[in-house]
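Below is one structure, written out as structure tokens; comments come after it.
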Amino acid sequence: MDPEGCQLISAEDQGKLLRFLGIEDPHQWRQSWISQHLNLELEAWHPNSSSDWLWSLGIPMLSLARKYQGRKKLVGLSALPGCGKSSLGHWLEAAAHKLGLSLQVVSIDDFYFPAEQLERSMQGNPWGVPRALPGSHDLILLQRTLEDWRNGFPVECPRFDKALRNGRGDRSGWRACDADLLVLEGWFVGCPAGYDPTIQEEGLNPPLTRSEMAYRKKIEEILQRYQPIWHQLDQLWQLRATDHQSPQLWKRQQEDAMRMARGSSLNGSALDGFIRMILSAIPSGTIQNIPADVVFDVDPNRDLTRIRLNRAS
197 MDPEGCQLIS AEDQGKLLRF LGIEDPHQWR QSWISQHLNL ELEAWHPNSS SDWLWSLGIP
257 MLSLARKYQG RKKLVGLSAL PGCGKSSLGH WLEAAAHKLG LSLQVVSIDD FYFPAEQLER
317 SMQGNPWGVP RALPGSHDLI LLQRTLEDWR NGFPVECPRF DKALRNGRGD RSGWRACDAD
377 LLVLEGWFVG CPAGYDPTIQ EEGLNPPLTR SEMAYRKKIE EILQRYQPIW HQLDQLWQLR
437 ATDHQSPQLW KRQQEDAMRM ARGSSLNGSA LDGFIRMILS AIPSGTIQNI PADVVFDVDP
497 NRDLTRIRLN RAS
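Number 361 in the working numbering belongs to position 165 of the sequence shown; there are no gaps in the numbering.
Encoded structure:
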């Protein structure tokens, strides 16, 4: 990444975000970061990442961590698979550690059930996916972990390795979770229940099948169990795909990268089913319009193009 590269986010959009975070002088804020931390852990980013990821998302999130030092705050980060949220998470943790800021990123997918229970929870889904759907997560463990963390008790979060079991994934240990600012990320984090699951998807080819439509209704019912988790969020940020079809490309690139790095990933019909699930399991209008406080538009090239705020500071 070139930290001084061309930016697509307007100064007006960035200024609104910074004021939302309590930063009144964007110029002074930027100069402070330029003078102290310009090259901060840049190797964690993809080389082709635009500098908007740094200046309009990454560093503002670090500024939020600085603001909340000594207070437990939970921020949701909702984004479709493959858009770049994992790279963002790795950079946030590395940069926060270097700066002495108390921030950790936890994926809701780290709270998948262990393998045997995960397989049972996913039985019968029409896409044949081994994970990722609402209903695949241990919500009792997640709820208890967040409550204990909020109350200052020492907690550990599970880790989930998606490369295990030939790309089907399994738990792979635990890690301490004690940061002041906790970022909970996932592709449907913050997604409400109560929508109409019978809505057809424009542009989906082939159209929704009867079995997909029936399972959609089940997903809407299961999502109601996630709402107590979303209610714990102090803020919700969303990376919103400007083209809901983008995950077709993003997910294939993500799995190719995992196969190169780990020797195992989803492929063939399993990958096709996963992509079909992302495009159809929850109505795209629901995913695209979750009640986020901060929304970043992401184009098919993974460039950030716009920031919208849905709540006053």
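C-beta: ideal position from N, C-alpha, C; glycine also. Nothing here was measured: the structure is a model prediction, and the numbers come from that model.
Ser247 and Gln203 look like a contact to me (Cβ under 8 Å); what is the Cβ gap, rounded to whole Å? 6 Å
Environment of Ala372 [buried if 16+ CB atoms lie within 10 Å]: exposed
Mapping the DSSP letters down to three states, classify Ile478 as helix, strand or coil. coil
In its own chain, which residues sit with a C-beta less than 8 Å from the C-beta of His427, not counting the 5 before and 5 after it? none
Return the residue from the list Gly390, Gln434, Leu432 and Ala240 that minimises the CA-CA distance to Gln180. Nothing in the structure corresponds to residue 180, since the chain is present only between 197 and 509.
Could you name each continuous alpha helix (DSSP H) segment of 4 residues or more that falls completely within the region 354–431, going from the start of the chain to the end? 360–363, 406–419 and 423–426
Does DSSP classify Trp241 as helix, strand or coil? coil
Can you check whether the CB of Trp370 is closer than 8 Å to the CB of Pro350? no
Per-residue burial, Arg316 [other beta carbons within 10 Å of its own, 16 or more giving buried]: exposed
Is there contact here, the region 401–416 with the region 281–298, by at least three beta-carbon pairs under 8 Å? no
What is the rounded straight-line gap between the Cα of Glu200 and the Cα of Ile219? 21 Å
Starting from Trp433, follow its DSSP beta bridges and name the residues at the other end. Leu273 and Val490
Measuring alpha carbon to alpha carbon, tell me which residue in Pro310, Met473, Ser245 and Gln484 is nearest Leu360. Pro310
Checking 8 Å against the spacing of the C-beta atoms, do Lys212 and Leu377 come in under that value? no
Could you tell me whether the Cβ atoms of Pro326 and Gly382 are closer together than 8 Å? no
Would you report the Cα separation of His242 and Cys279, rounded to the nearest angstrom? 11 Å
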